[in-house]
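Asks:
Residue numbers (my numbering): 1478 to 1663.
1) Would you mind sorting residue 1490 into buried or exposed? The rule is 16 or more other CB atoms within 10 Å of its CB.
2) Roughly how many whole angstroms lie between the Cα atoms of residue 1566 and residue 1580?
3) Quick check on residue 1549: buried or exposed, where buried means 16 or more other Cβ atoms within 10 Å of its Cβ?
4) Counting pairs of Cβ atoms below 8 Å between the segment 1552-1567 and the segment 1643-1652, do you hit three or more?
5) Would you mind stating whether residue 1624 and residue 1633 have Cβ atoms separated by less than 8 Å?
6) DSSP three-state call for residue 1543: helix, strand or coil?
7) I need the straight-line Cα distance from residue 1656 to residue 1503, nearest angstrom please.
8) Work out the CA separation of residue 1494 and residue 1610 for me, nearest whole Å.
9) Can you name the residues that DSSP bridges to residue 1551?
10) Can you list, in chain order, the residues of its chain with a C-beta nearer than 8 Å to that of residue 1598? Leave out the 5 residues immediately preceding and following it.
11) Assuming residue 1618 and residue 1479 make a contact with CB atoms under 8 Å, what is their CB distance in whole Å?
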């Protein structure tokens, strides 16, 4: 059985009704027939907090998905320079052949939540994650593509304007699954 590790924030925790759920963990286990998914994600965390507990992440995983940057990009986050440094430290900490880099998520542009994110900071951090994935030869998942061609953003986002609905979580699972499958086949 293959071991998959999720290492991210509330997006990987399937956050809803102000609590973490196992929606993403179980969703991946249901889609990946021969995989055990362990979720080490911390809701609300930035790369600063992630580095505090990176040594708790199992090194024997077949795939490690690093999904940080949303909270780093918020008004209460950190500088783009520190995000880049922290994310690179995280990627390099693991056997990079096992790493999948997942770019930062973004708020619903139609919600008040978007007031707490500087679009340029978010854009810079997404590009940073992509560039680091390229540098370390890791697959990159661009979460901004989840909202491409979506006419009604409110169907993807919960009322809080940041976390995902059932449809949004399914779109996330659709984006993650083929990349994980490819990684664990290698």
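Even for Gly, the Cβ is constructed at its ideal location relative to N, Cα and C.
Replies: Working from what's here:
1) Within the chain shown, numbered from 1, the residue matching residue 1490 stands at position 13. Classification for residue 1490: buried.
2) Stepping through the chain shown from its first residue, residue 1566 is reached at position 89. Stepping through the chain shown from its first residue, residue 1580 is reached at position 103. Distance between the alpha carbons of residue 1566 and residue 1580 is about 15 Å.
3) Counted from its first residue, the chain shown places residue 1549 at position 72. Buried is the call here.
4) no
5) For the purposes of this step, residue 1624 is identified with residue 147 of the chain shown, where counting begins at 1. For the purposes of this step, residue 1633 is identified with residue 156 of the chain shown, where counting begins at 1. Yes, the pair counts as a contact, with Cβ atoms nearer than the cut-off.
6) Locating residue 1543 in the chain shown gives position 66, counting from the first residue. Strand at residue 1543.
7) Here residue 1656 is taken as the residue at index 179 of the chain shown, counted from 1. Here residue 1503 is taken as the residue at index 26 of the chain shown, counted from 1. Their Cα atoms are separated by approximately 17 Å.
8) To locate residue 1610, count along the chain shown from 1; it is residue 133. To locate residue 1494, count along the chain shown from 1; it is residue 17. Taking the straight line joining both Cα atoms gives about 33 Å.
9) As a first step, residue 1551 is located in the chain shown; it is residue number 74 there, counting from the start. DSSP output for residue 1551 lists 1594 as bridge partner(s).
10) The residue given as residue 1598 occupies position 121 in the chain shown. Cβ within range, chain order: 1550, 1554 and 1557.
11) Here residue 1618 is taken as the residue at index 141 of the chain shown, counted from 1. Here residue 1479 is taken as the residue at index 2 of the chain shown, counted from 1. Not really, about 18 Å apart at Cβ, beyond 8 Å.
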